[in-house]
Every structure is written in structure tokens, then in C-alpha cells.
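Numbers given in the working numbering equal positions in the sequence shown, counted from 1, plus 700.
For every residue, glycine included, the Cβ atom is placed at its ideal position computed from N, Cα and C.
Before any comments, here is the structure.
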Amino acid sequence: MTETSETLVSAPVSPSRAKFLRFLIRDAGVLLALVLITLFFSLSAPYFATPGNALKIFVQIAINTVLAAGMTFVILTGGIDLSVGSVLALCTVVGATIMIDESLSPAVAITLALLACMATGAACGLLNGWISTRWKIPSFIVTLGMLNMAAGAARVVSDNSTITGLPQSFVDFGNLIIGGFLPSIFLVAVLVIAAGWFVLRFTVFGRMIFAVGTNDEAVRLSGHNPDFYKVAAFTISGLTAGIAAMVYLLRLNIGSPIAGVGYELNAIAAVIIGGTSLSGGKGSIIGTLVGACILQVLSTGLQLLGVGDNFKPIVIGLVIVLAVILDAYRERLLRRIR
């Protein structure tokens, strides 16, 4: 009996079954969690399972989804970016300042604002990555410094005031609902996720991002410079912060120096809950989208159940800790399957 049991335990898993188990553990688990959470709130929370509430959720996850898309690249390389919230705030005031310039036509002002937001965000991300790799400083420290610098710069650019009066055509696009159920700003978020998925899935650059997070020394020995990919990941994170700033302007129609307070934590949480490992090298940007959905579904569902704002962070914090714990067990299971 004992020998038989040991034989069964040590028996190799067939390739097809191992592939299915890896998909179930790594990819399908977080999606199943979203389905179960949605089902729970649909049955228990009043007005949750309504078209109006679904539309509200799509609108509210757009900004965090765009930020988290760039954050996924950074975490896949084993880094962290704490500055994206403040960079977003800086980009909102830069973009809003350009758009209210009366000497520019609305089309030109909007185009220049978009380019300026993307360039400002990418420059901040490039600086983060360059300092971190050039002097081998942990990205946590470097981006913490950028968090404060970008927040201060946002106050300087805006003169510590909120900027309003954006072009009406820009405001109208932000309020557009496509097909009666898809907000325009959520469509922007989906396009960013799709672009990130394509890069990570089908390009050499994407494969190198995973390789750097897994073993940067092996990447170096293979003739590639891992620092280049780390700097590129931070630049992408800054770039998506600039895009998220435009989404923020579309949604709220104001440029604010305090726009991004706490956004970096939500973005990191979405990436972690979505299954990307904090140690780098493992994860999925589609999982990040699902993680952002889980966060917003939890927040909305708890609100509809009457859970106070003081308790919601506790519940969401517990979910994040649980996701990190499950990540450790998931890696152990995947190693056993291999």
C-alpha cells in the first residue's frame, strides 16, 4: 500500500495534463476569483447586477488599469515604481495647462497635451530607470524620491491650484458611451492592455523583460544588457502614467496637483492580485486587467453592502496579502508540476 502510494505521488505528470494544470494555476485562478466575487455581490448587494453599476465599474477602473499596465513591465523585471501617482498628477497639470491655451485650436491643443503628457511621464520613468541601474540603487528608493519631486513639480506648474476649462470636444469624448455600455475611457485602457500584451507575448523585447526578471545575469552572459531592459520598463511605466493622466482629464475634466494620491498603491495591488510575482519573471498583463477589475468590484460591492469607507481598505489590504501568500504556494505547485 505504501509503495503504491509513493509510486502514484512520484509518477510524472503527462505533458498535456501539466500544461492544463499550469494554465489553471497561473492564469485561470485569478479569473475564477473575479467570477466568484462578482457572483457573490450580484446575489448579496442591492443594485450590483445592473447595467448602470457595470458602466460605473468600467469607468472607475480605467485609470488604474492604464497605470497597472506599465507597472506590470517594471515588476516583471523585479523592480517597483512608487512614483506613478505623482507623475500622473504632474502630467494632468501639464496637459490641462496646454489645453486651456486660447491661442491654440482645440484639436492642436489636445494633440499637444497628449504628446506632452506622454513625454513628461516617459522622461520621469527614464530618469527612474537610469538612476536605479547606473548607481545600482533599489528602485524602491529612487521612485520614492521621484514621487516627491513629481508631486512638488505638479504644484509648481499649477501654482498649487486646480486647472479647469478644458475644450468641450475633449470633455464630450470623455463622456462618450460606445454601444450603450462601453465608456470611451475604458476602451483606451483596453487598447493599452492589448498593446502591452502584444509586446510581452510576441516580441523579443517582451521575452527579454521576462528573462531579466528571471535571471538578469543569464541575460548578460547571453550578450544582452539587462540594464537597458530595466530602464525601458521604467520608461514604459512613466509613459503609461502620462496616458493615464489623459484618461484622468477625460474622466474628471480638471488638472490637479493632488490627482494621483494613492494611485501607485492601487496599480501595484492590481498587478499583484493579477498574478505577477513580486520577484519578477512571472506574470501576465491580462491578469493585471483582471486584478484591476477585482479591486474595483470589491470596492463597489462593499460600498453597496453598506461597508464604511474606514473598513474597505482593511478588506482590500487583506486581499492583497492573501494574493502574495497564494503567489508563494502557486510557485511551489508549478515547480512540482514541472
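query: Please state if the CB of Ala789 and the CB of Gly938 are separated by a distance shorter than 8 Å.; result: no
query: Hey, how far is the Cα of Gly960 from the Cα of Met946?; result: 12 Å
query: Using a 10 Å radius around the Cβ and a threshold of 16 neighbouring Cβ atoms, would you call Pro883 buried or exposed?; result: buried
query: With respect to the alpha helix (DSSP H) encompassing Val842, which residues constitute its N-terminal and C-terminal limits?; result: 839 to 858
query: Report the option in Ala819, Ala816, Leu815, Thr843 whose CA atom is closest to the CA atom of Asn828.; result: Thr843
query: Could you pull the DSSP bridge partners for Ile877 from this structure?; result: Pro883
query: In chain order, what residues of the same chain have a beta carbon less than 7 Å from the beta carbon of Leu949, not counting five sequence neighbours either side?; result: Thr792, Gly795, Ala796, Leu866, Gly955
query: On a CA-only basis, which of Ile943, Thr864, Leu782 is nearest Met818? Give me that one, please.; result: Ile943
query: Considering Gly795, what are the terminal residues of the alpha helix (DSSP H) in which it resides?; result: 784 to 799
query: Can you tell me which residues form a DSSP beta bridge with Gly955?; result: Ile863
query: Report buried or exposed for Ser999, applying the criterion of at least 16 other Cβ atoms within 10 angstroms of its Cβ.; result: buried
query: Tell me which same chain residues have a C-beta within less than 7 Å of the C-beta of Ile863, skipping the five on either side of it?; result: Val793, Ala796, Thr797, Ile800, Ile954, Gly955
query: Find out if the Cβ-Cβ distance for the pair Leu734, Val1015 is shorter than 8 Å.; result: no
query: My output table needs one value for Ala970: the three-state DSSP class, helix, strand or coil.; result: helix
query: When you compare each of Ala851, Phe741, Thr833 to Glu964 by their alpha carbons, which one comes out closest?; result: Ala851
query: Val1007 by DSSP, collapsed to three states: which one?; result: coil
query: Evaluate contact between the segment 748 to 763 and the segment 916 to 930, counting only Cβ atoms and requiring at least three cross-stretch pairs below 8 Å.; result: no
query: Considering only C-alpha positions, which residue in the set Gly896, Ala745, Ile737 is nearest to Val1007?; result: Ala745
query: Taking 8 Å as the cut-off, decide whether the C-beta atoms of Gly1001 and Thr988 are in contact.; result: no
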